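**Student:** First the structure, then my questions, so here it is.
Protein chains in written order, with the numbering used here: chain C, 4 to 306; chain X, 2 to 303.
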């Protein structure tokens with residue numbers, strides 16, 4: 004299953020929020036949709052979910068125009084809300100049936116997910132009787148109802164404690180393992196890095212990059228080496244390296260020095276230099292940037 | 002219209018399940034039941050009337066009397082409650098008693114059709130002259146009947162005679178149609194106003210609580226709106242039916258009919274008894290209440 008987002012444009016008043024964005028998501032892989040606050044993530048997802056209509060462009064599923072009500076789609080909106088005064092089981096069954104499940108399947112699915120989040124004792128109580136954390140679990144559960152083919156999660160980890168985040172990550176991993184299509188919007192890079200196989204980065208309504216996360220990391224880390232030496236500061240190491248190899252660019256990232264060789268110097272040349280210096284090397288190897296580094300670098304380049 | 006039925010059912014059960022809806026309906030039904038049965042309730046507190054004792058009496062002991070003749074005294078003393086203490090020989094003695102405030106008021110009976118009431122200070126709510134006038138009229142009436150050989154009880158029976166006139170309409174009854182039209186108009190008016198407002202509020206609340214985003218991504222907006230409007234309307238009709246039923250039962254009570262027979266006078270429907278929900282030969286609360294409760298429970302189960 005392949006979901007294509009093609010040249011989507013959306014304006015509110017005179018302000019264009021999405022400037023013709025395009026990317027693809029395939030099933031069996033979780034796609035992290037990244038961007039700063041106000042970048043256009045939720046607007047894209049709301050257009051996809053037909054909460055409002057885009058001004059131009061189209062969504063396609065396996066080459067055909069995508070209609071949310073004609074597919075089994077699980078959706079967790081950024082701004083979550085359910086019926087506070089209604090019984091939890093009743094409203095989960097209702098939401099599952101709205102998405103096309105039979106009453107028996109809806110009841111079974113709702114009970115499964117209530118049990119998954121260990122809230123079985125509350126299922127016949129109104130939502131408002133639960134704590135905020137448990138209410139969030141129920142809201143997450145409704146997205147997983149009825150075994151959706153497509154799961155769209157807008158900022159799913161916001162407000163979740165570490166234990167619930169882990170339970171949720173496991174649930175997403177199960178869905179991905181079943182070969183479902185998962186879109187996961189967030190500005191929390193660590194969660195995306197843990198859960199997603201692919202990433203799409205949106206900034207001010209433009210897509211900056213989209214693709215396989217590991218490949219992106221390799222690409223971004225190409226020609227870069229990480230070095231740190233015991234007993235010396237990164238600045239001291241950097242000065243010595245630059246004196247020997249003036250064509251190398253240096254970057255201080257966290258507790259290490261990143262050397263960009265620009266293919267002018269080989270790894271062996273640098274290794275020989277280090278050996279000649281007699282440094283007590285703490286770390287030396289290929290540099291693989293974190294998602295956060297990629298995000299910052301790409302946004303900086305764009306600006 | 003996919004999902005319309007599901008949305009309608011869920012919204013209807015949510016509306017009827019609300020405590021506020023149940024309490025409001027119960028209160029309005031009770032008000033209708035009690036309001037329409039008030040005339041009968043009042044009669045429960047009335048003492049049985051003795052037709053012979055129709056002559057009113059003035060209870061005031063602080064009122065004095067003067068009679069122009071012993072015959073007048075004999076004719077009116079009992080009705081006016083005259084004793085030796087409040088009987089005065091002449092007008093001067095009565096005025097003296099009023100001036101020294103021994104009496105509140107006084108009456109001089111000059112004939113069986115003429116009298117005068119005296120006050121020292123007349124209060125706003127004083128109605129002694131009206132009561133005296135009623136007694137003179139009643140006494141005159143009884144005397145007249147006696148002369149004609151008619152007893153007061155016989156006259157009372159004549160006056161309270163209630164003819165039984167039934168109406169059989171072979172064609173259309175415009176009065177019934179008008180009543181139905183009026184009732185329907187009021188119900189439609191209530192539904193349009195009240196439930197239109199309720200539906201708007203529910204939708205606004207869903208939008209505010211962010212539930213709408215979930216709903217709109219799962220169902221067509223037209224199905225959502227129509228389902229909600231239909232549920233609100235049916236909820237209103239059910240409430241109206243319960244209140245109307247309560248009013249009908251109250252009306253049966255008010256008219257003092259045996260519910261078993263009284264119901265038969267409401268067109269083709271043979272009343273609560275026709276539904277087998279009340280005991281035979283009964284017309285009091287003990288039989289009405291179980292029927293009423295059963296009807297309400299039944300409607301809520303829908």
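In this text, a Cβ means the ideal position worked out from N, Cα and C, and glycines have one as well. Since the model is a prediction, treat every value here as computed from it, not as a measurement.
Put residue 255(C) into one of helix, strand or coil per three-state DSSP.
**Tutor:** Residue 255(C): strand per DSSP, three-state reduction.
**Student:** Nearest to residue 84(C) by CA position, among 140(C), 52(C), 280(C), is which residue?
**Tutor:** For residue 84(C), the nearest C-alpha among the options comes from 140(C).
**Student:** Compile a chain-ordered list of the residues in the region 51-65 of chain C whose CB is closer than 8 Å to at least one CB of chain X.
**Tutor:** Flagged, chain order: 52, 53, 54.
**Student:** Whose C-beta lies closer than 7 Å to the C-beta of residue 138(C) among residues of the same chain, with five residues either side of it excluded?
**Tutor:** Excluding positions up to five away in sequence, the list reads 130.
**Student:** Check whether the Cβ atoms of residue 24(C) and residue 273(C) sit closer than 9 Å, and answer yes or no.
**Tutor:** No, the Cβ-Cβ distance between residue 24(C) and residue 273(C) is not below 9 Å.
**Student:** Where does residue 150(X) fall in DSSP's three states?
**Tutor:** In the structure shown, residue 150(X) sits in coil (DSSP, three-state: anything other than H, G, I, E or B).
**Student:** Going by the CB atoms, is the gap between residue 64(C) and residue 153(C) shorter than 9 Å?
**Tutor:** A contact, by the Cβ cut-off of 9 Å.
**Student:** Does the beta-carbon of residue 100(X) have 16 or more other beta-carbons within 10 angstroms, so that it is buried, or is it exposed?
**Tutor:** Exposed.
**Student:** Under the three-state reduction of DSSP, which class applies to residue 200(X): helix, strand or coil?
**Tutor:** Helix.
**Student:** Mind pulling the chain X residues with CB within less than 9 Å of residue 346(C)?
**Tutor:** Nothing about residue 346(C) can be reported from this structure: the residues present for chain C run from 4 to 306 only.
**Student:** CA-CA distance, residue 12(C) and residue 56(C)?
**Tutor:** Approximately 10 Å, taken between the alpha carbons.
**Student:** CB residue 247(X) to CB residue 31(X), shorter than 9 Å?
**Tutor:** For residue 247(X) and residue 31(X), yes; Cβs fall inside 9 Å.
**Student:** Is there a Cβ of chain X sitting closer than 9 Å to that of residue 183(C), yes or no?
**Tutor:** Output row for residue 183(C): interface = no.
**Student:** Buried or exposed for residue 140(X), going by 16 or more other Cβ atoms inside 10 Å?
**Tutor:** Buried, because 16 or more other Cβ atoms sit within 10 Å of the Cβ of residue 140(X).
**Student:** If you check the beta carbons only, do residue 192(C) and residue 283(C) fall under 9 Å apart?
**Tutor:** Going by C-beta atoms, residue 192(C) is not nearer than 9 Å to residue 283(C).
**Student:** Count the other C-beta atoms from every protein chain shown that fall within 10 angstroms of the C-beta of residue 145(C), then say buried if there are 16 or more, exposed otherwise.
**Tutor:** The residue is buried, with at least 16 neighbouring Cβ atoms inside 10 Å.
**Student:** Alpha carbons only, please: which of 6(C), 21(C), 38(C) is nearest the one belonging to residue 188(C)?
**Tutor:** Comparing Cα-Cα distances from residue 188(C) to each of 6(C), 21(C), 38(C), the minimum goes to 38(C).
**Student:** Taking beta-carbon pairs under 7 Å, can you tell me which members of the region 92-112 of chain C lie near chain X?
**Tutor:** Against chain X - using a Cβ distance shorter than 7 Å - the residues of the region 92-112 of chain C are 97, 98, 100, 101, 102.
**Student:** Using 9 Å as the threshold, is the C-beta distance between residue 31(C) and residue 183(C) below it?
**Tutor:** Yes, they are a contact pair.
**Student:** What residue does the alpha helix (DSSP H) around residue 275(C) start on, and which one ends it?
**Tutor:** Note, residue 275(C): alpha helix (DSSP H), 270-280.
**Student:** Give me the chain X residues within the contact set of residue 87(C), using Cβ-Cβ distance strictly less than 8 Å, ordered along the chain.
**Tutor:** Under the 8 Å cutoff, chain X gives 210.
**Student:** For residue 111(X) and residue 145(X), what's the separation of their Cα atoms in angstroms?
**Tutor:** Approximately 19 Å, taken between the alpha carbons.
**Student:** Say whether chain C places a C-beta atom closer than 9 Å to the C-beta of residue 7(X).
**Tutor:** For residue 7(X), the answer is yes, since a Cβ of chain C falls inside 9 Å of its Cβ.
**Student:** Could you tell me the distance, in whole angstroms, from the CA atom of residue 117(C) to the CA atom of residue 180(C)?
**Tutor:** Distance between the alpha carbons of residue 117(C) and residue 180(C): 21 Å.
**Student:** Can you pull the DSSP bridge partners for residue 7(C)?
**Tutor:** According to DSSP, which records beta bridges pairwise, residue 7(C) is partnered with 27(C), 63(C).
**Student:** Quick check: is the beta carbon of residue 207(X) nearer than 9 Å to any beta carbon in chain C?
**Tutor:** Output row for residue 207(X): interface = yes.
**Student:** What's the C-alpha gap between residue 233(X) and residue 9(X)?
**Tutor:** Roughly 9 Å separates the two Cα atoms.
**Student:** Looking at the ligand MG, does it come within less than 8 Å of residue 160(X), judged from the CB to the closest heavy atom?
**Tutor:** Among the components of this structure there are no ligands whatsoever, and the ligand MG is therefore not found.
**Student:** For residue 165(X), report the span of its beta strand (DSSP E) as first-last.
**Tutor:** Element bounds for residue 165(X): n/a, residue is neither H nor E.
**Student:** At 7 Å on the CB atoms, spell out the chain X contacts of residue 71(C), in chain order.
**Tutor:** Within chain X, the residues near residue 71(C) are 218.
**Student:** Could you tell me if residue 127(C) is buried or exposed, where buried requires 16 or more neighbouring beta carbons within 10 angstroms of its beta carbon?
**Tutor:** Flag for residue 127(C) reads exposed.
**Student:** When DSSP labels each residue in this structure, what does residue 214(C) get in the three-state scheme?
**Tutor:** In the structure shown, residue 214(C) sits in a strand (DSSP, three-state: E or B).
**Student:** 9 Å is my cut-off, CB to CB: does residue 15(X) come that close to chain C?
**Tutor:** Output row for residue 15(X): interface = yes.
**Student:** With a threshold of 6 Å on Cβ separation, who are the neighbours of residue 64(X) within its own chain once the five nearest residues in sequence on each side are excluded?
**Tutor:** If we look at residue 64(X) and ignore the five residues flanking it on each side, its Cβ neighbours are 106.
**Student:** Rounded to whole angstroms, what is the Cα-Cα separation between residue 262(X) and residue 11(X)?
**Tutor:** Because the pLDDT at residue 262(X) is just 48, under 50, the model does not fix this residue reliably, and the point stays unresolved.
**Student:** Under 9 Å between C-beta atoms, does residue 158(C) make it to chain X?
**Tutor:** By this cut-off, residue 158(C) is not an interface position.
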